[in-house]
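Remarks on the structure that follows.
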DNA sequence: TTTT
DNA sequence: TTTT
């Protein structure tokens, strides 16, 4: 159930190969960064301007497996999901916040040729033999907490996703 | 022009009255925080769970004036916009990031009664006599960067309303 | 699975009370018409113009029960779904087509006051005692085809509320 | 201005080359049909099922020119727009209705390789030398009525199309 | 870090 | 009529 609508729709390109990890439960978690960009001419100078926006996207479970297997650096992808801002502590113990899109639907874009030319080297894993397309949808259950990879329990809010213990290592994963 | 789609759709309630400032150019900038929430039952314990997500939304120019005048704490609102992550430096000079929704469209929800009961005290400003509705759409020009006038951007959460501890108290903050 | 994205998002008001029927399987099917409108000034004459668009929305199963119970003429509602064009034959045997939005998510808008003032007389049915909110989401199973039980699908408009001739009269139909 | 939200988002493939015509005003109007499809397994029989949905999309003015020039049969495309149901009379004078998506934004998907392999034979027209991408956005003015039905462009006049004269000829254009 |  |  929900009160309110929290919906994000992205079409963009993966900045790098997806990273897949596993939660203690065994469920997969895949992270990607998607770029969208916008260009315009400066009104004063007439100079062409461009701004690229990077979006952190996280997939869970089955969707994480599919994303991990089929997406690659440069892949064009449609993602639908919701915004989630996670709180974590940096080395100095200060609260910091990261906003991500928790994906509920994903679809690869660009047909066969495109996919064929992407040359998938070393797929992260197998999602099973029966999946043959570039589409996947998350079950509508609430996204699981993202406490894979963690050494100690999260200190703060109970029902929220656990703050990954060692956010330094997580932090190192953030390319910006 | 753009490459990619970067779209956010929110329906939620304002956590507080909007804050309107002005850029050197004279253009208005209005910030609000919108809450969306989700509730479910824990699969193990069966306990009801709730998570409220707070979204920082920024309006520019005409849309900022309308938002500043018509929205109030508790207002239910539809917002469409795009994600933008801004980089700023905290006191210690460290890079930090804040993700906001730059609104391109806004519409007040909940009809006349609702609006009437919201008792708009001290409207921030006038948007002119001919505006009579709860709808507004931004011109499609790229949003200006938002470093007008201010010393340090605040991080996402500190200046936001606190996440309510339970739903009853949250309800009390909202006039319906 | 899907190839492609087929998504509709509507926020509007119900033109009349919902109609709920039952499929042979026992599953509920609810139909509503939602109005959205747009107004502008004619560029030549400067005259105010308005266009109201009516959307046929169909809900299935659990969502149909909730829509049937909670929505009423005038209710403001958020609907998300997908487009489906159904083919049928008119009396003369000619093929005709009707486009509907098959809802996958629904949320009532306008808070308690709003809902309270809508005075729900004769709810179509009961959806059970434990539902207390204005939100519902369809399971992701493909919607069943809607030719249960009935002889001839009606064309799109005849059974819809008439488009109001002007905005004042339209207002009178809606309880706010 | 608007009351309500009327939004459609499609990602799909063009069923055939776009058709571009010109309104008396000189503004272009382009029609395409976009397919989206969904597949699933029948719950009883376990048989794989597929349903393809066809969406009529109409572009106006600049967007129509771009769509006409860059899209081709098979092109994968993102379209955002709004639903509009038009009323028209068939040969026997009966009222009939057609629902279309009036596009406000369009973006070609699938990158260079993809586009290159689509081998654009006979582009419908020129949209000018400075357009080099697969993206376009409509001005936010209300969609004009659709009375193309003229063979000759009247190149000079302002971009707002006139009100339609009749729809009989339009009838002939509908491929279903 | 992607893409055009 | 597309696409997988």
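Chains as they are written, first to last, in UniProt numbering: chain A, 1 to 176; chain B, 1 to 176; chain C, 1 to 176; chain D, 1 to 176.
Backbone N, C-alpha and C fix where the C-beta goes; we use that ideal spot for every residue, glycine too.
Query raised in the report: How would you write the range of the beta strand (DSSP E) that residue 72 of chain D sits in, first residue to last?
Result: First-last for residue 72 of chain D: undefined, no H or E at that position.
Query raised in the report: Under 8 Å between the Cβ atoms of residue 9 of chain D and residue 5 of chain C?
Result: yes
Report task. Closer than 7 Å by beta-carbon distance: list the chain B residues that pair up with residue 5 of chain D, in chain order. Result -> 78, 107
Query - Buried/exposed call for residue 25 of chain A, threshold 16 Cβ in 10 Å - result: exposed
Query raised in the report: Closest Cβ-Cβ distance between residue 12 of chain D and chain A: below 8 Å?
Result: no
Report task. Would you mind sorting residue 18 of chain C into buried or exposed? The rule is 16 or more other CB atoms within 10 Å of its CB. Result -> buried
Query raised in the report: How is residue 41 of chain D classed by DSSP in three states: helix, strand or coil?
Result: strand
Query - CB contact check: residue 83 of chain C to chain D, cutoff 8 Å - result: yes
Query raised in the report: Taking the C-alpha atoms as reference points, what is the distance between residue 68 of chain A and residue 39 of chain D?
Result: 22 Å
**Report entry** Given residue 87 of chain D as reference, the closest of D:98, D:81, D:74 once Cα atoms are compared
**Finding:** D:98
Query raised in the report: Does the distance from the CB of residue 101 of chain D to the CB of residue 79 of chain D come in under 8 Å?
Result: yes
Query - Near-chain A residues of the stretch 30-44 of chain B (beta-carbon distance less than 9 Å), N- to C-terminal order - result: 34, 35, 36, 37, 38, 39, 40, 42, 43
Requested in this report: With a threshold of 16 other CB atoms inside 10 Å of the CB of residue 65 of chain B, please say whether the residue is buried or exposed.
Outcome: buried
Query - Spatial distance of residue 27 of chain B from residue 136 of chain B (CA atoms) - result: 16 Å
Query raised in the report: Is the beta carbon of residue 20 of chain A sitting closer than 8 Å to the one on residue 36 of chain A?
Result: no
Query raised in the report: Using the C-alpha atoms, what's the distance from residue 63 of chain A back to residue 50 of chain B?
Result: 23 Å
Query - Boundaries (first-last residue) of the beta strand (DSSP E) holding residue 25 of chain A - result: Per DSSP, residue 25 of chain A belongs to no beta strand (DSSP E) and is neither H nor E.
Report task. Just the C-alpha distance for residue 43 of chain B and residue 81 of chain B, rounded to the nearest angstrom, thanks. Result -> 34 Å
Query raised in the report: For residue 104 of chain D, which of D:83, D:23, D:96, D:46 has the nearest alpha-carbon?
Result: D:83
Report task. Using a Cβ cut-off of 8 Å, pull out every chain D residue sitting near residue 2 of chain C, in sequence order please. Result -> 36, 37, 38, 39
Query raised in the report: Counting only beta-carbon atoms, is residue 9 of chain D nearer than 8 Å to chain A?
Result: yes
Query raised in the report: Would a check of beta-carbon distances place residue 146 of chain A closer than 8 Å to chain B?
Result: Unreliable positioning characterises residue 146 of chain A in this predicted model, as indicated by a pLDDT of 39, which lies under 50. A coordinate reading is not provided.
Requested in this report: Starting from residue 72 of chain A, find everything on chain B with Cβ-Cβ shorter than 8 Å and list it in chain order.
Outcome: Simply none; closest approach about 17 Å.
Query raised in the report: Does residue 167 of chain C come within less than 8 Å of chain B when only Cβ atoms are used?
Result: Unreliable positioning characterises residue 167 of chain C in this predicted model, as indicated by a pLDDT of 30, which lies under 50. A coordinate reading is not provided.
Query raised in the report: Taking buried to mean at least 16 other C-beta atoms within 10 Å of its own C-beta, is residue 93 of chain A buried or exposed?
Result: exposed
Query - C-beta neighbour in chain B for residue 20 of chain A, strict 8 Å - result: no
Query raised in the report: Under the rule that 16 or more other beta-carbon atoms within 10 Å means buried, what is residue 7 of chain D, buried or exposed?
Result: buried
Requested in this report: Below 8 Å on the Cβ atoms is my guess for residue 75 of chain A versus residue 106 of chain A; work out the distance and round it to an integer in Å.
Outcome: That pair is no contact at about 10 Å.
Query raised in the report: Run through DSSP, which three-state label would residue 10 of chain D get?
Result: strand
Requested in this report: Kindly indicate if chain A contains any beta-carbon less than 8 Å away from that of residue 96 of chain B.
Outcome: yes
Query raised in the report: So with Cβ pairs under 8 Å, would you call residue 69 of chain A a contact of chain B?
Result: no
Query raised in the report: Can you give the Cα-Cα distance for residue 32 of chain D and residue 60 of chain B, rounded to whole angstroms?
Result: 35 Å
Requested in this report: On a CA-only basis, which of B:2, B:13, B:3, B:1 is nearest residue 71 of chain B? Give me that one, please.
Outcome: B:13
Query raised in the report: Is the Cβ of residue 128 of chain C closer than 8 Å to any Cβ of chain A?
Result: Note that residue 128 of chain C scores 37 on pLDDT, short of 50, meaning its location in the model is unreliable; the coordinates nonetheless yield the value given after this. Taking Cβ atoms only, chain A never reaches closer than 8 Å to residue 128 of chain C, which makes this a no.
Requested in this report: Could you tell me the distance, in whole angstroms, from the CA atom of residue 96 of chain B to the CA atom of residue 53 of chain D?
Outcome: 45 Å
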